[in-house]
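Below is one structure, written out as structure tokens; comments come after it.
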Amino acid sequence: MKDWRYIIREQRGTLIAMALFVAMFAIYVTNHPAGFTLNVVTTASNKGVLLAFVAMAQTLVVVTAGIDLSLGMIFVLTNCLASWLVTGSPLETAFGVAAVLAAGLACGMLNGLIVIFGRLQPIVTTIATGAIFFGMALLLRPVPGGEVNQDLADALTGKLADKVPASLVVLIAVVLVVWIPFRRSLTGRAAYATGSSEAAAYMSGVAIRKARFVAYSLAGLLAGIGGLFLTFFTYSGEASAANGNTYTLYSIAAVVLGGVSLFGGVGSAIGAIFGAFAFRTIGDLLFVFDLEPLWQPLFQGVVLLLAVCLGAFRLLQIRNRLDYFG
Amino acid sequence: MDALATPLFEMDGISKRYGGVHALRDAALSVEGGRIHAILGENGAGKSTLIKIVAGVVAADSGRMMLEGREVTFASPSQASRAGIACVFQELSLVPDLTVADNIFISDPPRRYGLIDRAAQRRMAEAALARAGASDIHPMAQIRDLPLSRRQMVEIAKALARNPRILILDEATSALTQSDVTKVFDVLKRLRQEGLALLYISHRMQEIAKLADICTVFRNGRNVATYEAGTKSDNEVVELMIGREYRHVFPPKPRPVPANQNPVLEIANLSWSDRLRNVSLSVQAGEVVGLGGLDGQGQRELLLALFGVLRGVTGGLRIDGKAVTIAGPRSAKAPRVGMALIPEDRKTEGLMLPMSVRDNLSFAALARVSKAGVIDFGAERRLIAEVMSLLAIRASSIDAPVGSLSGGNQQKVVIAKWLMVTPRIILLNDPTRGIDVGTKQELYKLLRRLAESGVAIIFYSTDYDELINCCNRVLVLYDGSVISELEGEGITDRALVASALSIGADKGSPAPAVAR
Numbered sequence: 001m002k003d004w005r006y007i008i009r010e011q012r013g014t015l016i017a018m019a020l021f022v023a024m025f026a027i028y029v030t031n032h033p034a035g036f037t038l039n040v041v042t043t044a045s046n047k048g049v050l051l052a053f054v055a056m057a058q059t060l061v062v063v064t065a066g067i068d069l070s071l072g073m074i075f076v077l078t079n080c081l082a083s084w085l086v087t088g089s090p091l092e093t094a095f096g097v098a099a100v101l102a103a104g105l106a107c108g109m110l111n112g113l114i115v116i117f118g119r120l121q122p123i124v125t126t127i128a129t130g131a132i133f134f135g136m137a138l139l140l141r142p143v144p145g146g147e148v149n150q151d152l153a154d155a156l157t158g159k160l161a162d163k164v165p166a167s168l169v170v171l172i173a174v175v176l177v178v179w180i181p182f183r184r185s186l187t188g189r190a191a192y193a194t195g196s197s198e199a200a201a202y203m204s205g206v207a208i209r210k211a212r213f214v215a216y217s218l219a220g221l222l223a224g225i226g227g228l229f230l231t232f233f234t235y236s237g238e239a240s241a242a243n244g245n246t247y248t249l250y251s252i253a254a255v256v257l258g259g260v261s262l263f264g265g266v267g268s269a270i271g272a273i274f275g276a277f278a279f280r281t282i283g284d285l286l287f288v289f290d291l292e293p294l295w296q297p298l299f300q301g302v303v304l305l306l307a308v309c310l311g312a313f314r315l316l317q318i319r320n321r322l323d324y325f326g
Numbered sequence: 001m002d003a004l005a006t007p008l009f010e011m012d013g014i015s016k017r018y019g020g021v022h023a024l025r026d027a028a029l030s031v032e033g034g035r036i037h038a039i040l041g042e043n044g045a046g047k048s049t050l051i052k053i054v055a056g057v058v059a060a061d062s063g064r065m066m067l068e069g070r071e072v073t074f075a076s077p078s079q080a081s082r083a084g085i086a087c088v089f090q091e092l093s094l095v096p097d098l099t100v101a102d103n104i105f106i107s108d109p110p111r112r113y114g115l116i117d118r119a120a121q122r123r124m125a126e127a128a129l130a131r132a133g134a135s136d137i138h139p140m141a142q143i144r145d146l147p148l149s150r151r152q153m154v155e156i157a158k159a160l161a162r163n164p165r166i167l168i169l170d171e172a173t174s175a176l177t178q179s180d181v182t183k184v185f186d187v188l189k190r191l192r193q194e195g196l197a198l199l200y201i202s203h204r205m206q207e208i209a210k211l212a213d214i215c216t217v218f219r220n221g222r223n224v225a226t227y228e229a230g231t232k233s234d235n236e237v238v239e240l241m242i243g244r245e246y247r248h249v250f251p252p253k254p255r256p257v258p259a260n261q262n263p264v265l266e267i268a269n270l271s272w273s274d275r276l277r278n279v280s281l282s283v284q285a286g287e288v289v290g291l292g293g294l295d296g297q298g299q300r301e302l303l304l305a306l307f308g309v310l311r312g313v314t315g316g317l318r319i320d321g322k323a324v325t326i327a328g329p330r331s332a333k334a335p336r337v338g339m340a341l342i343p344e345d346r347k348t349e350g351l352m353l354p355m356s357v358r359d360n361l362s363f364a365a366l367a368r369v370s371k372a373g374v375i376d377f378g379a380e381r382r383l384i385a386e387v388m389s390l391l392a393i394r395a396s397s398i399d400a401p402v403g404s405l406s407g408g409n410q411q412k413v414v415i416a417k418w419l420m421v422t423p424r425i426i427l428l429n430d431p432t433r434g435i436d437v438g439t440k441q442e443l444y445k446l447l448r449r450l451a452e453s454g455v456a457i458i459f460y461s462t463d464y465d466e467l468i469n470c471c472n473r474v475l476v477l478y479d480g481s482v483i484s485e486l487e488g489e490g491i492t493d494r495a496l497v498a499s500a501l502s503i504g505a506d507k508g509s510p511a512p513a514v515a516r
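So the protein sequences, as listed, match chains A and B.
If you number the first sequence the way the working numbering does, the last residue is 326 and the count never jumps.
If you number the second sequence the way the working numbering does, the last residue is 516 and the count never jumps.
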């Protein structure tokens with residue numbers, strides 16, 4: 001039974017991200033005046049869940065050795081759309097939710113199609129489509145406003161059966177319904193193979209295009225779920241470029257913190273979720289230690305750098321300098 | 001036509017052009033089940049292209065392929081794979097970040113409810129590895145953690161797991177250890193009995209002699225001869241391959257270098273992790289010192305240690321009698337040391353494939369052709385013209401990407417690049433691996449010329465013939481230490497093999513093996 005060593009080797013990034021989050025969160029709650037209570041956990045969950053969805057989305061694309069800079073804008077666009085559609089009777093609300101998710105999926109599919117059939121670089125493609133998505137968001141909501149079905153919003157941002165944060169339950173459900181099947185499917189493994197070595201994947205008869213397409217599409221869907229949740233928190237829609245850009249960049253930070261390699265082929269969305277929560281906890285830590293919120297970007301930068309350094313520690317053990325480049 | 005007379009797989013009239021170059025012209029091949037069919041030919045003869053067409057990697061411009069009498073076309077490797085054709089590629093097709101089991105069943109894993117059944121996949125991977133004779137490999141290990149020889153065994157297991165009817169092995173044994181090769185040969189012989197058709201491409205004539213039932217020789221994109229194995233002598237085969245009179249592959253043996261001169265390079269008790277143990281050697285100007293032994297006994301590490309690539313090397317190093325430390329390739333190539341290393345893997349360590357021949361050649365020597373940090377293009381061009389004609393490098397233009405050259409010419413570019421810095425010490429790491437006979441011959445001559453002009457050479461080769469015919473002395477390594485030193489007439493096949501296997505002194509050797 002040496003199997004567990006191989007499993008740890010494979011899941012190292014995820015485990016480190018988990019440990020980082022647990023350590024940071026432990027420091028936070030022990031210094032919080034209220035301590036480890038349901039309210040504190042629910043607030044933390046609600047704060048982190050938006051970035052967690054976008055980071056999951058980013059993971060799917062990064063695993064294929066791509067990057068999606070339009071995810072923040074899909075997030076904003078679906079937010080604006082939801083502020084129009086997710087309202088009214090339960091049936092109308094249900095239709096609205098489905099339409100918003102379909103819109104996120106469609107945005108992702110568009111990215112996938114352009115990257116695959118246009119053979120354009122993901123970074124340029126998604127800057128362009130991101131601008132388009134933001135333009136559409138502006139048309140939908142030239143000024144902030146709109147409304148959302150408050151019963152649904154309160155249910156999903158509150159506590160489920162007064163015991164667990166509902167947003168956390170939704171996040172876990174999404175992991176179980178979207179991520180796990182993807183990871184364990186042939187298409188998901190094809191995505192990892194494509195990101196790790198596209199040439200080897202091609203030579204092995206792996207369905208590279210399908211894997212890419214599914215990865216970008218699901219990323220759009222997950223960003224759409226994020227946008228929907230944003231609406232539940234704010235009860236309105238806002239076409240905010242700053243918000244979109246922040247989420248795009250933070251999703252990349254969360255992914256790196258979560259042990260997902262930007263070179264592709266390595267990492268897990270679960271790691272990225274922990275990365276996202278760890279990143280969000282930085283602000284909370286500043287709060288409990290009574291530091292100015294102005295320090296937040298600086299601290300986030302430092303933590304990110306430290307995380308990247310952790311990954312570089314293995315370089316110290318290298319005795320053959322050629323391995324630096326492998 | 002009688003059904004039995006229909007070959008399993010047949011192709012004819014196959015042509016393929018890359019740009020203006022004909023890789024294949026009207027080539028034909030016919031493969032039968034239950035036989036091992038060797039494909040021979042120099043690099044650039046069209047073997048690789050032929051295999052790629054069969055495996056669905058590239059499409060032929062014209063011609064047709066028949067599988068069991070029915071015409072087939074393959075638009076992708078997966079289509080060829082579904083038709084029962086599996087290929088073990090020279091360029092590995094393994095995905096580094098996935099596990100061994102994931103790789104073996106990458107395109108068609110066992111599934112349950114639409115998801116990959118990892119437990120079943122693992123059991124099947126264990127069986128596939130055992131079938132390939134590689135049960136030492138853990139199915140959950142990641143490919144990137146495995147050494148090259150293990151990866152190649154995984155590659156073979158992967159091809160076998162597809163239960164192919166036609167199995168193609170393209171230089172599939174180039175990185176294997178001798179014991180692996182033996183195991184793989186047993187597997188291939190068993191597959192032949194099971195009725196598979198095997199296509200075997202190799203530069204190693206001894207392997208072909210041991211394995212093949214039938215051989216086809218390719219030259220300039222055409223199949224020039226097909227014959228039953230064992231009906232032609234090695235000389236005849238080489239003649240067919242190179243299409244010219246075959247004399248001696250090797251230049252005359254070197255004159256013995258007078259002893260007790262001051263050595264150019266001297267190392268004492270060099271050690272590095274557990275791969276090198278107290279290696280001592282000295283090389284004089286004009287001397288070619290070979291490194292022998294089984295593959296993977298520390299020869300590569302020794303060369304890398306000398307070139308300053310390894311960290312934590314202990315022991316003394318003297319250049320011209322003066323103690324020096326080499327901190328890296330930059331200080332190794334500085335005139336004070338004047339060392340050059342021809343690496344083993346030209347594609348990753350020797351060349352920048354998409355860049356031009358000119359850029360590749362002048363990279364190491366830019367200091368020599370620039371003034372105050374500015375490259376003097378005239379001087380660069382003159383120097384390049386000089387080495388290109390010295391090594392007879394065939395390229396359409398010096399601005400062509402080096403990746404478009406044939407393997408032999410690529411290797412010449414690697415060597416030429418280092419000759420441009422006029423090194424005094426040249427380290428060669430198995431430089432003839434996977435290159436054609438003609439280029440090999442030119443390299444041997446070049447080696448001799450360099451030695452005669454006073455360069456000190458350390459030459460690692462996995463080919464015993466090269467050690468016997470090119471070297472003044474051969475140090476045989478075993479498990480990281482030098483276990484014997486052979487000299488002059490004492491360098492024989494028998495002595496090399498005996499000491500490589502560490503099976504005691506060979507009585508015929510004038511320099512008795514030193515046991516440690």
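Where a beta carbon is used, it is the ideal one built from N, C-alpha and C, also for glycine.
The structure presented is a predicted model; accordingly, all values stated were derived computationally and were not measured.
Taking the alpha helix (DSSP H) that ILE252/A belongs to, which residues open and close that run?
241-257
Helix, strand or coil, according to DSSP, for GLN142/B in the structure here?
strand
Complete runs of the alpha helix (DSSP H) confined to the segment 357-382 of chain B [at least 4 residues]:
357-362
Sequence-distant residues of its chain with Cβ nearer than 7 Å to SER240/A (five each side left out)
VAL76
So is SER389/B buried or exposed if we call it buried at 16+ other beta carbons inside 10 Å?
exposed
Could you have a look at THR226/B and say whether DSSP puts it in helix, strand or coil?
strand
8 Å is my cut-off, CB to CB: does GLY265/A come that close to chain B?
yes
Taking DSSP as the reference, what is the three-state secondary structure of CYS471/B?
coil
Quick check on THR325/B: does DSSP put it in helix, strand or coil?
coil
Can you list, in chain order, the stretches of the alpha helix (DSSP H) that have 4 or more residues and sit fully within the segment 395-470 of chain B?
407-419, 437-452, 464-470
The beta strand (DSSP E) enclosing ASN31/A, as first and last residue numbers:
Where ASN31/A is concerned, there is no enclosing beta strand (DSSP E), although the alpha helix (DSSP H) it sits in stretches over 12-31.
By a C-beta neighbour count over all protein chains shown, 10 Å radius and 16 as the cutoff for buried, is SER62/B buried or exposed?
exposed
CB contact check: VAL95/B to chain A, cutoff 8 Å
yes
Could you list which residues in chain B have their beta carbon closer than 7 Å to that of VAL206/A, in chain order?
ILE106, SER107
Counting contacts by CB-CB distance shorter than 8 Å, is VAL309/B in contact with chain A?
yes
First and last residue of the beta strand (DSSP E) that includes ALA268/B?
265-272
Going by DSSP, what residue range makes up the beta strand (DSSP E) through ALA80/B?
Looking at the DSSP string, ALA80/B is not in any beta strand (DSSP E); the run it does join, the alpha helix (DSSP H), is 77-82.
Roughly how many whole angstroms lie between the Cα atoms of SER356/B and LYS417/B?
12 Å
Going along chain A, which residues have a C-beta under 9 Å from SER76/B?
TYR202, GLY205
Proximal chain A residues relative to SER273/B, where beta-carbon distance stays under 7 Å:
ARG319
Bridge-paired residues (DSSP) for THR182/B:
DSSP output for THR182/B lists no bridge partner at all.
Taking ALA38/B as part of the beta strand (DSSP E), name the residues at either end of that continuous run.
35-40
Identify, in the order they occur along the chain, each residue of the same chain with its Cβ nearer than 6 Å to the Cβ of GLU344/B, setting aside the five sequence neighbours on each side.
ASN429, ASP430
Apply the 10 Å Cβ neighbour rule to TRP179/A and answer buried if 16 or more other Cβ atoms are within range, or exposed otherwise.
buried
Local conformation of ALA513/B per DSSP, three classes
Since pLDDT at ALA513/B reaches only 38, below the 50 mark, its modelled position is unreliable, and no value is offered.
Residues of chain A with CB closer than 9 Å to the CB of ALA141/B, please, in chain order.
TYR6, ARG9
Alpha-carbon spacing of ALA517/B relative to LEU270/B, whole angstroms:
Since the first and last residues shown for chain B are 1 and 516, residue 517/B lies out of range.
When you compare only the Cα positions, how much space is there between GLU245/B and THR422/B?
With a pLDDT of 46 at GLU245/B, under the threshold of 50, the modelled position of that residue is not reliable, and the figure given next carries that caveat. Rounded to the nearest angstrom, the two C-alpha atoms are 34 Å apart.
Taking all protein chains shown into account, do 16 or more other C-beta atoms lie within 10 angstroms of the C-beta of SER517/B, making it buried, or fewer, making it exposed?
A query on residue 517/B cannot be resolved here, the shown segment of chain B reaching from 1 to 516 and no further.
Starting from the beta carbon of ARG328/A, find every residue of chain B whose beta carbon is closer than 8 Å, and list them in chain order.
There is no way to answer for residue 328/A, as the model of chain A reaches only from 1 to 326.
Proximity test, Cβ basis, 8 Å: SER268/A and chain B:
no
Sort LEU115/B, ILE85/B, GLY298/B, ALA120/B by Cα distance to ALA101/B and report the nearest one.
ALA120/B
Integer Cβ distance of VAL95/B from ALA201/A, believed to fall under 8 Å
6 Å
Could you tell me which chain B residues have their CB closer than 8 Å to the CB of ARG184/A, listed as they occur along the chain?
LEU115, ILE116, ARG118
Beta-carbon spacing of LEU211/B, LEU196/B below 8 Å:
no
Report yes or no: is there a C-beta of chain A within less than 8 Å of the C-beta of PHE533/B?
This structure leaves residue 533/B out entirely; chain B is present only between 1 and 516.
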